[in-house]
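Trainee:
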Amino acid sequence: MNQAAPTAAETEPTPADLDDAPAGTGAPENSVTSGNMTSGSGTSLGFDPASSTVIEPRPGWRAIDLGELWRYRELVFFLTWRDVKVRYKQTVMGAAWAIIQPLMTSLVFVILFGKMGGMEADTALPYLPLVFAAQIAWQFFATAVSQSGQSLVASANLISKVYFPRLIVPMASVGAGLVDFCVALGVMGLVLAGYGMAPPLQFVLLPGFLFGVIITAIGVGSFLAALTVAYRDFRYVIPFLIQMWMFATPVGYPLAKVTNYFADNNISEHWLLLYFVNPMAGFTQGFRWCLLGEPLNPAHFAISAGVAVVCLVVGAVYFRKVERRFADIV
Amino acid sequence: MTQSVIQVDRISKQYQLGLRAKAQQTFREAVVELAQAPFKRLRHLSGRSHADDTFWALRDISFDVPEGEVLGVIGHNGAGKSTLLKILSRITEPTTGRAVVYGRVASLLEVGTGFHPELTGRENVYLNGAILGMSREEIRRKFDEIVEFAGVDKFLDTPIKRYSSGMKVRLAFAVAAHLEPEILIIDEVLAVGDQEFQNKCLGKMNEVAHSGRTVLFVSHNMAAVEALCQRCLLLSQGTIIADAPTGPVLEQYCREAFGDDDPRINLLNHSGRQRGCPALMQSVCVTDAEGGLTSTFEKGETIRIQVEFDASGREINPVLGVVVKTQRGVALFGNDNRIVDGYNFPLVTGDGQITCAFASLPLMPGRYSLDLWFGDSQRSLDCVTHAVTIQIVAANVTGTGKLPPANCGPVYWPATWELDVTECVGP
């Protein structure tokens, strides 16, 4: 049955091949470019080469096309807006869920860790604001990761029928969580007011820490989304992962509890650096620093921020590597 | 000569069979596979074992489309039409080969992609527009026009989950119809909606086609292809078997679609079988009133269609439906024994033969194809389109040896005349 296949002879990159043929076989890098990006096409026609698109197999790794993402920014906006609109449709409580969820979780932590676990003793701050300040960051992150992890499979019909940069899908899912975050931040304001506290001056740096959470969420979310397309196991892994991750992050307990534990057991402070390899540890503590004036060690934060950038790059690059197969296997 | 805006150079696409099943594989299997992969590669390199589990959906496809041309792409199910469009709209990558597309491309492979049932009509217009590549400003400008075209203005603020399916389709097509790309790629979108809306769509398509835009158009609607396209590609099993002006290509397609005029056709591996149908119908033969095998009939003769079926493992009241179509695929008439009283056959199993007869065919000379539907009293189980072709030859049914001209259509119906005048001046 096999007809002569002059070009396909030596490489065999099938759509189902997870491990691509080694880079360098077949086509040159930098293949599909369009819009403002110039194309690698050697053919010259009377047309503006700037608007040409070259379609060919592109094995191996490829760069993230930021220019293209920028051109599609309106689609990111529309998909985000859709997710926001749809999220609380046909619910009785509506957007109140954005308040109830973090608030109830925080109350549970106050009772469980603060009162029953006696962790109130580790902090001079009232326990509810302490927990809630971290909870709003964590809640946003957890929702963003689980939503974007499922996003590609949920948008299977889009992916198999329309072209757009696929990274938009997990990005929009992360973006949709921002509205809930803003509502929760408002509640944080009320909590602070209720305790007669005012946020310190570094409050203005809060968007920076939020940005850190966002890039971590996009990195982790797009990585998990790409994996979920191929291996539906990750549907079950993601909730579990998020749950474990939360306990590795100072959300329900004060960071002082961890440092005190290290001190009590004569464990070197250096091990604490390992704790901050979890980017969310640095960012939630950053939230507490901004909102409550809790101490934040710059070295710890630097580690977290560095890992967050690595997360983003690894997630996005892996996503780009496997995205060519999405339409075939989703 | 105009420039090519689409240049396709030896594009091939290979799929792995059982891909769907593979997509569902678990991580554990992937790890096992990963461990086996080096060995597999080794075997592959040494030339043994080979890809029986892969197939080429497209094989070395090359063609150019000049600016402003409307190019039709036709072929049977599974010929590779949709794969080709998916590659050109960058949804999936080719396995080998290269294509260059100059200009902004919009592809319409499905009507209403990304519609969200919970959102209102208005919101979905914006969402769908953005997905198809329109800017917010562009949608705002065309919004009224879109709504008017779809005719859903009263329901704009109703969630579309409460729309009828027709309304949904109208709204979706309206958005798509107002795209203004330089290159438009369309797959089978005219196959939806009622006749009135289809005509409207066809009108809109005509407008697009004559506005100088380049269009790639896949359809099974031969009349639409004929009306819109100057040139056609005929695909079969992943290769281009014809690339020529529309008329000759359509004729070739019809000839291929209808097969040769063998009066006995084996249906087991017939290419016209609808996707997913069990092969219950084994073979068909057409005979004349006396039972003689023939595929050529005189106009007005009786035609008998005998279908051998195998219903092993089932219990059915056999029902055979036959639809007679022209070469261009226009259905002329059809019938089945489910709708006609007096033909409720008893419950049977195993194999058998069922025959349907049309007495005194009113067809004009030409070739016609028959679609066969086989089922039980509840529903159709098996369907083969273009199962068999018959040829009608002229017969002297009018008594003068003359027949109505071709523009009178494919059906001859006898008529009687009366004259009422006050005075005759001749014989």
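Protein chains in written order, with the numbering used here: chain S, -17 to 312; chain L, 8 to 434. Backbone N, C-alpha and C fix where the C-beta goes; we use that ideal spot for every residue, glycine too.
Examine chain S for any beta-carbon lying closer than 7 Å to the beta-carbon of Pro101 (chain L), and answer yes or no.
Mentor: Yes, Pro101 (chain L) lies at the interface with chain S (some Cβ there is under 7 Å from its Cβ).
Trainee: Could you tell me the distance, in whole angstroms, from the CA atom of Phe163 (chain S) to the CA atom of Glu36 (chain L)?
Mentor: Cα to Cα, the separation comes out at about 39 Å.
Trainee: Within its chain, find whatever has a CB closer than 8 Å to the CB of Thr309 (chain L); leave out the 5 residues flanking it on each side and keep chain order.
Mentor: Counting only Cβ-Cβ distances below 8 Å, and skipping sequence neighbours, we find Asp295, Ala296, Ala364, Phe365, Ala366, Ser367 and Leu368.
Trainee: Consult DSSP for Gln121 (chain S) and reduce its assignment to one of helix, strand or coil.
Mentor: If DSSP states are grouped into helix, strand and coil, Gln121 (chain S) belongs with the helices.
Trainee: If we define contact as Cβ-Cβ less than 7 Å, is Arg306 (chain S) a contact residue for chain L?
Mentor: By this cut-off, Arg306 (chain S) is an interface position.
Trainee: Taking its Cβ as the centre, do 16 or more other Cβ atoms sit within 10 Å of Tyr243 (chain S), making it buried, or is it exposed?
Mentor: Classification of Tyr243 (chain S): exposed, given that the 10 Å Cβ count is below 16.
Trainee: Cβ of Gly104 (chain L) within 7 Å of Cβ of Gly245 (chain L)?
Mentor: Their beta carbons are not under 7 Å apart, which means Gly104 (chain L) does not touch Gly245 (chain L) by this criterion.
Trainee: Using a Cβ-Cβ cut-off of 7 Å (strictly less than) and excluding sequence neighbours within five positions of Val165 (chain S), which residues of its own chain qualify?
Mentor: For Val165 (chain S), where only same-chain residues beyond five positions count, the Cβ hits under 7 Å are Ala77, Ala80 and Ile81.
Trainee: Can you list, in chain order, the residues of its chain whose CB lies under 7 Å from that of Val161 (chain S), leaving out five sequence neighbours each side?
Mentor: The answer, listed in chain order, is Val66.
Trainee: According to DSSP, is Asn242 (chain S) helix, strand or coil?
Mentor: Asn242 (chain S) falls in the helix class under three-state DSSP.
Trainee: Opposite Ser19 (chain L) in the DSSP bridges: which residues?
Mentor: Ser19 (chain L) pairs with L:Thr103.
Trainee: For Arg143 (chain L), report the span of its beta strand (DSSP E) as first-last.
Mentor: Unbroken run through Arg143 (chain L) is the alpha helix (DSSP H), Arg143 to Ala157; no beta strand (DSSP E).
Trainee: Go to Pro84 (chain S), then tell me how far its alpha helix (DSSP H) extends in each direction, as first and last residue.
Mentor: Start and end: Trp79 to Phe91.
Trainee: With H, G and I counted as helix, E and B as strand and the rest as coil, what does DSSP make of Ala90 (chain L)?
Mentor: One detail in the question is off: residue 90 (chain L) reads as Thr in this sequence, not Ala. Reduced to three states, the DSSP call for Thr90 (chain L) is helix.
Trainee: Keeping to the same chain, check which residues put their C-beta closer than 6 Å to that of Ala238 (chain S); ignore five residues upstream and five downstream.
Mentor: Cβ within range, chain order: Asp104 and Thr105.
Trainee: Check whether the stretch 61 to 72 of chain L touches the stretch 269 to 284 of chain S, taking contact to mean three or more Cβ pairs, one atom from each stretch, closer than 8 Å.
Mentor: With the cut-off at 8 Å, the stretch 61 to 72 of chain L and the stretch 269 to 284 of chain S do not touch.
Trainee: At the level of alpha carbons, what is the spacing between Gln121 (chain S) and Cys284 (chain L)?
Mentor: For Gln121 (chain S) and Cys284 (chain L), the distance between alpha carbons rounds to 49 Å.
Trainee: Less than 7 Å between CB atoms is the rule here; does Ile13 (chain L) satisfy it with respect to chain S?
Mentor: Output row for Ile13 (chain L): interface = no.
Trainee: On the DSSP letters alone, give me the boundaries of the alpha helix (DSSP H) that Gly99 (chain S) sits inside.
Mentor: Unbroken run through Gly99 (chain S): none, as it is neither H nor E.
Trainee: Report yes or no: is there a C-beta of chain S within less than 7 Å of the C-beta of Ser53 (chain L)?
Mentor: Caution is warranted here: a pLDDT of 47 is assigned to Ser53 (chain L), below 50, making its placement in the model unreliable, and no coordinate value can be reported.
Trainee: Against Phe34 (chain L), what residues of chain S qualify as contacts under a CB-to-CB distance less than 7 Å, listed in chain order?
Mentor: Result: Tyr213 and Asp215.
Trainee: By how many angstroms is the C-alpha of Tyr22 (chain L) removed from the C-alpha of Cys236 (chain L)?
Mentor: Rounded to the nearest angstrom, the two C-alpha atoms are 30 Å apart.
Trainee: With a cut-off of 7 Å, does the C-beta of Gly121 (chain L) fall near any C-beta of chain S?
Mentor: Yes, its Cβ sits closer than 7 Å to a Cβ of chain S.
Trainee: Considering only C-alpha positions, which residue in the set L:Thr90, L:Phe180 and L:Gln43 is nearest to Cys208 (chain L)?
Mentor: Taking only the C-alpha atoms, the option nearest Cys208 (chain L) is L:Phe180.
Trainee: When you compare the CB positions of Ile397 (chain L) and Ser302 (chain L), do they come within less than 7 Å of one another, or not?
Mentor: Yes, the pair counts as a contact, with Cβ atoms nearer than the cut-off.
Trainee: From the beta carbon of Ile224 (chain S), is the nearest beta carbon of chain L less than 7 Å away?
Mentor: Not one chain L Cβ lies under 7 Å of Ile224 (chain S).
Trainee: Run through DSSP, which three-state label would Ser376 (chain L) get?
Mentor: If DSSP states are grouped into helix, strand and coil, Ser376 (chain L) belongs with the strands.
Trainee: The beta strand (DSSP E) spanning Pro232 (chain S) covers which residue range?
Mentor: Here Pro232 (chain S) belongs to no beta strand (DSSP E), and DSSP marks it neither H nor E.
Trainee: So what's Asp348 (chain L) in DSSP terms, helix, strand or just coil?
Mentor: It is coil, neither helix nor strand.
Trainee: Determine contact between the stretch 122 to 141 of chain S and the stretch 172 to 186 of chain S, defined as no fewer than three beta-carbon pairs at a distance below 8 Å.
Mentor: Touching, no.
Trainee: What whole-angstrom Cβ distance do Met170 (chain S) and Ala115 (chain S) have, given they're in contact under 8 Å?
Mentor: 6 Å between Cβ atoms; contact.
Trainee: Compare the Cα-Cα distances from Lys303 (chain S) to each of S:Ser204, S:Gly264, S:Arg270 and S:Leu85 and report the closest residue.
Mentor: The residue with the shortest Cα to Cα distance from Lys303 (chain S) is S:Ser204.
Trainee: Buried or exposed: where does Leu134 (chain L) fall if 16 or more other Cβ atoms within 10 Å of its Cβ makes it buried?
Mentor: Burial call: buried.
Trainee: Residues in the same chain with beta-carbon distance under 6 Å from Ala64 (chain L), minus the five sequence neighbours each way, listed in chain order, please.
Mentor: Excluding sequence neighbours, Ala64 (chain L) sits near Lys20, Tyr22, Gly87, Thr90 and Gly245.
Trainee: May I ask you to report which of helix, strand or coil DSSP gives Ala180 (chain S)?
Mentor: DSSP places Ala180 (chain S) in coil when its eight states are reduced to three.
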